[in-house]
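First the structure, in the form of structure tokens, and then the observations on it.
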Amino acid sequence: MSRKNISKFGRLLAGAVMAAVLLVNTAAAASADPMEVASITTELTELGGAVQPIGVPNEGYAKFFSGKSYLSNLSTDKDLPVYNVTFAHGAHTFWHVHHGSCQVLVAESGRGYYQIWGEKPVELKPGMTVTIPAGVKHWHGAAPGTSFQHIALMQQGDGITTEWLEPVDEKDFQSLK
330 MSRKNISKFG
340 RLLAGAVMAA
350 VLLVNTAAAA
360 SADPMEVASI
370 TTELTELGGA
380 VQPIGVPNEG
390 YAKFFSGKSY
400 LSNLSTDKDL
410 PVYNVTFAHG
420 AHTFWHVHHG
430 SCQVLVAESG
440 RGYYQIWGEK
450 PVELKPGMTV
460 TIPAGVKHWH
470 GAAPGTSFQH
480 IALMQQGDGI
490 TTEWLEPVDE
500 KDFQSLK
């Protein structure tokens with residue numbers, strides 16, 4: 330093989346390897362365990378409500394959740410993202426504050442809770458809507474031992490941030506019905 334052909338072959342091989350790595354990384358990030366997704370979907374269907382597609386594992390924010398969660402982007406507008414969030418079996422967010430924007434949660438399926446700092450937890454059932462005011466410390470997610478889906482809406486833009494805080498006290502969480 331001539332030097333020119335080796336160089337061309339090397340570039341083709343490098344391109345193929347890069348494409349394969351990209352394909353594997355994309356598939357890993359975009360796919361969830363099909364058995365787990367089927368199990369969560371079945372559970373949510375039995376619990377009632379409108380079951381949305383589970384989406385992809387919420388790996389980017391996993392460190393701020395107590396368990397597994399999944400995201401499905403429902404909007405193409407970068408300034409007003411709308412996400413379906415699926416919380417698997419008792420998963421919930423840590424305490425957090427949204428600065429510069431309120432957050433609207435629309436309960437879709439299963440059973441969940443939200444809590445504003447200093448107040449009692451409030452149960453969320455399909456069809457319920459709550460607006461968490463900007464600057465208010467809160468958490469939200471599935472009830473203990475169940476899965477839950479909600480749609481989350483929050484404006485984006487300059488000065489709008491989320492401050493992630495401590496985990497919810499697990500003993501307090503497990504005492505919820």
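Residue numbers (our numbering): 330 to 506. The C-beta atom is built at its ideal place from N, Cα and C for all residues, glycine as well.
Inclusion of Gly419 and Ala463 in the CB contact set at 9 Å is not warranted, their separation being larger than that value. Assignment of beta strand (DSSP E) within the stretch 403-469, counting only whole runs of 3 or more residues, yields 411-416, 425-428, 432-439, 441-445, 451-453 and 458-461 in chain order.
Shown here, Gly396 sits in coil according to DSSP, grouped into three states, outside any helix or strand.
Proximity to Phe477 across Glu365, Ser398 and Asn387 peaks at Ser398, based on C-alpha coordinates. Within the same chain, and ignoring the five residues on either side of Asn402 in sequence, the residues whose Cβ sits closer than 7 Å to its Cβ are Pro410 and Tyr412.
A residue is called buried once 16 or more other Cβ atoms fall within 10 Å of its Cβ, and Gly474, having fewer, is exposed. Taking C-beta atoms as the reference points, Thr491 and His421 fail to come closer than 9 Å.
As a beta-bridge residue in DSSP terms, Ile480 pairs with Asn413 and Val435. Shown here for Trp446: same chain residues with a beta carbon closer than 8 Å to its own, the five before and five after excluded, namely Trp424, Val465, Lys466 and His467 in chain order. Taking C-beta atoms under 8 Å as the contact rule, Gly384 and Leu373 fail to qualify, at a distance of about 13 Å. Note on geometry: alpha-carbon atoms of Phe416 and Val366 lie some 11 Å from one another. The Cβ atoms of Gln432 and Leu482 lie closer than 9 Å to each other. For Thr490, the enclosing beta strand (DSSP E) stretches over residues Thr490 to Trp493.
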